[in-house]
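With the working numbering applied, the sequence shown covers 9 to 94.
Before any comments, here is the structure.
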Amino acid sequence: MARGAGKNNWALFLLLLAGIVLGSFIAQATSGISALSWLNYGQKFGLTSPFTLDLGILVLTFAFSIKITIGSIIGVVLGIIIYHFI
9 MARGAGKNNW
19 ALFLLLLAGI
29 VLGSFIAQAT
39 SGISALSWLN
49 YGQKFGLTSP
59 FTLDLGILVL
69 TFAFSIKITI
79 GSIIGVVLGI
89 IIYHFI
């Protein structure tokens with residue numbers, strides 16, 4: 009049988025996305041609690057200022073930023089574990 013046969017890649021993508029969102033939400037919610045504030049520790053990457061492309065009649069603004077926290081990493085790991093058991 010082929011590797012990964014019967015597994016849906018969209019399910020993995022959605023579980024990873026849900027893990028990132030829920031992990032980040034929990035990290036933000038517990039940032040005020042001293043015992044759990046370590047979940048909000050992380051690093052922010054991306055463009056510090058938006059890039060603007062002015063074409064006369066069309067103006068495009070590009071910006072991208074991502075913040076990786078311990079909570080989001082834990083959420084990704086839990087998403088992968090849940091995917092493994094589905």
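Ideal Cβ placement from N, Cα and C applies to all residues, glycine included.
Whole angstroms is fine: what's the gap from residue i's alpha carbon to residue j's?
i	j	result
residue 88	residue 53	23 angstroms
residue 90	residue 23	8 angstroms
residue 86	residue 71	29 angstroms
residue 9	residue 16	Note that residue 9 scores a pLDDT of 44, beneath 50, so its modelled location is shaky; the value from the coordinates is reported in the next line. Whole-angstrom Cα-Cα distance: 15 angstroms.
residue 44	residue 37	10 angstroms
residue 21	residue 58	28 angstroms
residue 67	residue 33	33 angstroms
residue 62	residue 39	40 angstroms
residue 65	residue 92	50 angstroms
Tell me whether the beta-carbon of residue i lies closer than 8 angstroms to the beta-carbon of residue j.
i	j	result
residue 31	residue 73	no
residue 35	residue 47	yes
residue 60	residue 69	yes
residue 41	residue 84	no
residue 19	residue 78	no
residue 76	residue 50	yes
Could you pull the start and end residues of the beta strand (DSSP E) that residue i belongs to?
i	result
residue 59	59-62
residue 80	Unbroken run through residue 80 is the alpha helix (DSSP H), 78-93; no beta strand (DSSP E).
Going by DSSP, name the residue or residues bridged to residue i.
i	result
residue 32	DSSP output for residue 32 lists no bridge partner at all.
residue 70	59
residue 40	Answer is none; residue 40 lacks a bridge partner.
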